[in-house]
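Numbering (our numbering), first residue to last: 6 to 212.
The beta-carbon is built from N, C-alpha and C at its ideal position, and this holds for glycine as well.
These numbers come from a predicted model, not from an experiment.
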């Protein structure tokens with residue numbers, strides 16, 4: 006006579022099955038966590054690169070427009086130097102601005118619109134402390150711009166370096182001022198995402 010076994014899983018088999026299930030869950034969780042971190046890192050890197058593209062294009066356009074005094078009459082053309090570089094010591098002593106030590110300040114003179122009026126004024130670009138801290142309790146620096154005596158405004162957060170070099174290129178018995186800027190931009194979350202950039206610009210106004 007055929008006998009049918011009604012025995013279920015043994016305790017050992019049940020423990021093995023549970024262990025395999027736990028290991029599988031851990032593996033899936035680790036895979037999901039890794040994919041999530043990679044996605045976050047990619048997003049941070051993408052935002053940093055987008056900031057670099059913006060600042061390169063923005064500063065290049067500003068450098069090109071330096072010396073534009075179209076808002077002034079021909080009889081009141083300015084005699085000031087249209088573009089200057091200051092180190093951190095000179096920025097403090099000559100302009101009264103505290104910028105990050107070891108970095109430079111770029112000053113451009115051009116016509117800007119303020120209070121619905123066009124005025125020929127200096128614009129300063131520099132790195133300074135934002136007086137904020139990140140998740141690691143580190144102070145956050147940023148690239149600021151400041152028009153004449155007006156308050157500074159934050160342009161790009163987490164800019165960590167800004168080195169300016171000015172060049173004179175002979176052209177038709179005059180000089181074209183060219184500018185090279187080396188800069189560094191952090192993610193402000195992880196210094197591993199520090200990105201270095203170089204931009205070049207030439208002043209359109211021949212002096």
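Query raised in the report: Out of curiosity, what's the CA-to-CA distance linking residue 109 and residue 93?
Result: 6 Å
- Message: For residue 131, tell me which candidate among 199, 117 and 101 has the shortest Cα-Cα distance.
- Response: 101
task: Rounded to whole angstroms, what's the CA-CA distance from residue 115 to residue 33? Just pull it up for me.
output: Residue 115 and residue 33 have their C-alpha atoms spaced approximately 59 Å apart.
How far does the alpha helix (DSSP H) with residue 99 in it reach, from first residue to last?
-> 93 to 100
Cβ distance (whole Å) where residue 169 is taken to contact residue 111 below 8 Å: 5 Å
- Message: Let me make sure I understand the geometry here. Which of 117, 62 and 58 has the alpha-carbon closest to that of residue 76?
- Response: Nearest to residue 76 by C-alpha distance, out of 117, 62 and 58, is 117.
message = Quick check on the burial criterion: 16 or more other C-beta atoms within 10 angstroms. Buried or exposed for residue 215?
response = Within the shown structure, residues of the chain are numbered from 6 to 212, placing residue 215 beyond reach of any answer.
(request) Within 10 angstroms of the Cβ of residue 88, are there 16 or more other Cβ atoms? Answer buried if so, exposed if not. (result) Taking every protein chain shown into account, the CB of residue 88 has 16 or more other CB atoms within 10 angstroms, so this residue is buried.
Handout entry: Identified DSSP bridge partners for residue 153
Key = Under DSSP, residue 153 forms no beta bridge with any residue.
So, under 8 Å CB-CB, residue 186 and residue 64 are touching, yes? Tell me the CB distance rounded to an integer number of Å.
That belief holds up - the Cβ atoms of residue 186 and residue 64 are roughly 7 Å apart, short of 8 Å.
Next item on the list: Put residue 122 into one of helix, strand or coil per three-state DSSP.
Entry: strand
If you reduce the DSSP assignment to three classes, tell me which class residue 162 lands in. The answer is strand: DSSP assigns residue 162 an E or B state.
- With a CB to CB cut of under 7 Å and the five nearest residues on each side skipped, what residues in its chain are close to residue 145? 135, 137, 138, 139, 162, 163 and 193.
Worksheet entry | Three-way DSSP call (helix, strand, coil) for residue 185 in this model | strand
Close Cβ partners of residue 208 (< 8 Å) along its chain, the five nearest in sequence each way excluded: 68, 69, 71, 72, 87, 88, 181, 182, 183 and 184
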